[in-house]
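Protein chains: 4
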Amino acid sequence: MGEKGTAARRLDIIHTARDSFAEKNYHETKISDITKHLGISHGTFYNYFKNKSDIFTHIIKIYIKKLEEIFLKENPGLSNNAIEFRNQLIRLGNELFDVFIEDQKMYDILFYRARIAGLEIKKEVTKLFKTADLFVEKYLAHGVNKKFLRSSIDASLNAKAIRGMTTVALEDLMENDAPLQLKERWILLLSNFIIDGLS
Amino acid sequence: MGEKGTAARRLDIIHTARDSFAEKNYHETKISDITKHLGISHGTFYNYFKNKSDIFTHIIKIYIKKLEEIFLKENPGLSNNAIEFRNQLIRLGNELFDVFIEDQKMYDILFYRARIAGLEIKKEVTKLFKTADLFVEKYLAHGVNKKFLRSSIDASLNAKAIRGMTTVALEDLMENDAPLQLKERWILLLSNFIIDGLS
Amino acid sequence: MGEKGTAARRLDIIHTARDSFAEKNYHETKISDITKHLGISHGTFYNYFKNKSDIFTHIIKIYIKKLEEIFLKENPGLSNNAIEFRNQLIRLGNELFDVFIEDQKMYDILFYRARIAGLEIKKEVTKLFKTADLFVEKYLAHGVNKKFLRSSIDASLNAKAIRGMTTVALEDLMENDAPLQLKERWILLLSNFIIDGLS
Amino acid sequence: MGEKGTAARRLDIIHTARDSFAEKNYHETKISDITKHLGISHGTFYNYFKNKSDIFTHIIKIYIKKLEEIFLKENPGLSNNAIEFRNQLIRLGNELFDVFIEDQKMYDILFYRARIAGLEIKKEVTKLFKTADLFVEKYLAHGVNKKFLRSSIDASLNAKAIRGMTTVALEDLMENDAPLQLKERWILLLSNFIIDGLS
DNA sequence: CATGAATGAGGTTTCATTCAT
DNA sequence: AATGAATGAAACCTCATTCAT
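Protein chains in written order, with our numbering: chain H, 1 to 199; chain A, 1001 to 1199; chain E, 2001 to 2199; chain C, 3001 to 3199.
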């Protein structure tokens, strides 16, 4: 290569593609959009990725992994009372929202663009949401167990409802110029909603 | 035409297009998918719609209007206490969910396919969600006013949160084979969540 | 269509493609070679054939069928002595050679271009040659049976050898400007060779 | 280079290219097929050959030379009677078939792949066949001269016919797992066919 | 109104070849 | 000599749209 090294060029391509996919959608994103923006020939793109579908899949898989890592890191059985539970929710919310704030394109790609992809990637994204739902469900079950959540709650549906609120929160953060302050409000709201609504 | 009259044929085209858009996405839906399914020629399509974008926009606008009518019909200032409020929520939830259950394609088109469309249509859908948020916000403000909702709530964010839960509820209903029973569970959950969480 | 009718246009495309394939090979034949020659747009080509492979396969299948019909029409068990046998060989040779003389591109396509095609078509052509070998073998076996051919002959190899001579005969005819006279010489030679060599 | 010396590397490239051309055809053979198989870079290939066409031509010319040497080595005027003639045919057949059995790729490349090459190489291969025909013709003429072959034979066409049989024999040998035994049968058949058919 | 043949802009992808290191 | 990143010509193919009948 010379100037930049091939790993750096690969990253350049990924970032440019990510931006375009976030903004425009798979079909509207042309290979030439990416290469023109980087000032390289379209042939070069194909030295780094097999085809358009390849880079799209690649980007989405990175995002999926990022989120799954958050879920794996946390332990749903950690808190012993409502106060500890709330603290855990706050920590979790911060982690999750920070990932999206850090890479603002992630939301669009994961929530909109991915739904359109080929079956294989669509399934993986659907699986991600199911994983998230189950993850929340475990928290609720633990809270019921420890008696700081009502035993009568519909855990499965509530988990989904919480995912729905979180999704909208993310959407709201993404549209906002000062997401950090808004984040606090949302985390407060979500933890209140969950604890007051379900205890 | 002959047999059916041109209004009926226009409807045929709309319905076929709707089914295809719901299932496949704007770009994956070919004009020939529609015309082949109806047994008519390409050319005929263009006697009824200016182009592909035209019919897509048309379908989405129908849906937007349908939902806006629900919002307009209800009066946020009607209930005087928590019990009446809950009944109103239940009635509203039923109306909203029924529209989607009746036309199962509506969810996919409005929540996924529309997001991808050209800027103009994207804006209209975004506006629809803002309208929904405002609509909910009015309910909450009224509840605060009548003192059956806490005065400290963050009405704007809560409205969005409620929209998020509702979206997930719809998603869940659409995936389910017996949506009517599930609907009851969701309406119960949503009204509980709102009233317990916010009062 | 208008001027020519769609069947005629389809034929035009087939003939032009055939000429190009005969002269140039599958990969060297560009769709634009065909369409430019016909003065139509390349899009039009795709209204008549699915893709390049499609028309190539189509042409070869026509040829295969043509030859198989010749084999089916003749009855290897018809002749009772060497004279009748020779007459049958002459008739058969005439039929076969005439088909190739009539459509001079057939030889190149079947003997050279087809060998390069995808596996499926390659197999069909190989099968055609095996069919031809078996066909000749039956004639030889019948001759042995009727005792106007030696019983010691290696029927399987001889059948192939005869096919080899015939192939070269065709090659020779194709290169020649006055194939009809040359045809007589070849038929004489082949029938002599077979009867004198094997009786 | 180091280890092997550049002449050896050149040979490596030729052999790999030969294998690929035999199996796959000119256009299906990518430069990267060759270099990947050898574990060298693209660029290296171009240190040894001008371009893809160059190495293809080179390989075919080697083969052409090999065959022409066989023809030059033999003397058509050597045999004085049918028995000596037959022995000569047997010797010749063995030599020819052995060359092809030894390098099984030769048949495919010379009989199929070469026909597709650019005009120049096509002409050389055609010339080779003409040389072979002439070579056989001389044998036949000598046999007529010496009176152990009929004087009425059509020497030119018969030479071609013999080439046709030989080609099919080669094809048969190449497809067979035990070519050495099959070779005997073919040599027997060919010499019988020629001597019985033409004397 | 209906038809459907024709069009061609526009995109994706391949791969031989170059050249600076 | 060897490397391999970069190039870009060149091909394939799709499909919305037009328009003459």
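Idealized CB from N, CA, C, for every residue including glycine.
Cα-Cα separation between residue i and residue j, rounded to whole angstroms
{"i": "A:Gly-1002", "j": "A:Asp-1033", "result": "With a pLDDT of only 47 at A:Gly-1002, under the threshold of 50, the placement of this residue in the model should not be trusted; the figure read from the coordinates follows. One C-alpha to the other measures close to 23 Å."}
{"i": "C:Lys-3123", "j": "E:Glu-2074", "result": "38 Å"}
{"i": "C:Phe-3021", "j": "C:His-3015", "result": "10 Å"}
{"i": "H:Lys-147", "j": "H:Ile-195", "result": "12 Å"}
{"i": "H:Val-125", "j": "E:Tyr-2112", "result": "50 Å"}
{"i": "E:Gly-2143", "j": "E:Asp-2054", "result": "42 Å"}
{"i": "H:Lys-24", "j": "A:Gly-1118", "result": "9 Å"}
{"i": "E:Ser-2151", "j": "E:Glu-2184", "result": "29 Å"}
{"i": "H:Ala-178", "j": "C:His-3027", "result": "58 Å"}
{"i": "C:Asn-3176", "j": "C:Ser-3191", "result": "21 Å"}
{"i": "H:Lys-127", "j": "H:Asn-47", "result": "31 Å"}
{"i": "C:Leu-3011", "j": "H:Ile-40", "result": "37 Å"}
{"i": "C:Leu-3072", "j": "C:Ala-3161", "result": "21 Å"}
{"i": "A:Thr-1029", "j": "E:Leu-2157", "result": "58 Å"}
{"i": "C:Arg-3009", "j": "C:Arg-3086", "result": "44 Å"}
{"i": "A:Asp-1019", "j": "A:Gly-1005", "result": "22 Å"}
{"i": "E:Glu-2084", "j": "C:Glu-3084", "result": "36 Å"}
{"i": "C:Ala-3155", "j": "E:Ala-2155", "result": "25 Å"}
Contact check, residue i vs residue j, beta carbons under 9 Å
{"i": "H:Phe-49", "j": "H:His-37", "result": "no"}
{"i": "E:Leu-2170", "j": "E:Phe-2097", "result": "yes"}
{"i": "E:Lys-2052", "j": "E:Met-2106", "result": "no"}
{"i": "C:Asp-3133", "j": "C:Arg-3163", "result": "yes"}
{"i": "C:Ile-3109", "j": "C:Tyr-3139", "result": "no"}
{"i": "H:Gln-104", "j": "H:Met-174", "result": "yes"}
{"i": "A:Ile-1070", "j": "A:Ile-1121", "result": "no"}
{"i": "A:Leu-1182", "j": "A:Asp-1172", "result": "yes"}
{"i": "A:Phe-1129", "j": "A:Met-1165", "result": "no"}
{"i": "H:Thr-167", "j": "A:Thr-1167", "result": "yes"}
{"i": "C:Phe-3056", "j": "C:Ala-3017", "result": "yes"}
Nonlocal neighbours in the same chain, by C-beta distance under 7 Å from residue i, ignoring five residues either side
{"i": "H:Thr-44", "result": "Thr-35"}
{"i": "A:Asn-1094", "result": "Ile-1187"}
{"i": "H:Leu-78", "result": "Gln-88"}
{"i": "C:Ala-3159", "result": "Asp-3133, Val-3136, Glu-3137, Leu-3140"}
{"i": "C:His-3042", "result": "Ile-3031, Ser-3032, Thr-3035"}
Cβ neighbours of residue i in the same chain (closer than 8 Å, five flanking residues each side left out)
{"i": "E:Asn-2081", "result": "Lys-2146, Phe-2148"}
{"i": "C:Arg-3115", "result": "Lys-3122, Val-3125"}
{"i": "A:Val-1099", "result": "Lys-1066, Leu-1067, Ile-1070, Met-1106"}
Nonlocal neighbours in the same chain, by C-beta distance under 6 Å from residue i, ignoring five residues either side
{"i": "H:Ile-101", "result": "Pro-179"}
{"i": "H:Pro-76", "result": "Lys-138, Tyr-139, His-142"}
Counted within 10 angstroms of its Cβ, other Cβ atoms place residue i as buried (16 or more) or exposed
{"i": "E:Ile-2013", "result": "buried"}
Check: residue i C-beta below 8 Å from any heavy atom of the ligand GTP
{"i": "E:Asp-2177", "result": "Of ligands this structure carries none, so the ligand GTP is not represented either."}
Residue ranges of each alpha helix (DSSP H) within the stretch 23-99 of chain H, 4 or longer: 31-38, 42-48, 52-73
Scan the stretch 2126-2166 of chain E and note each continuous alpha helix (DSSP H) run of 4 residues or more that stays entirely inside, going in chain order. The qualifying runs do not exist here; there are none.
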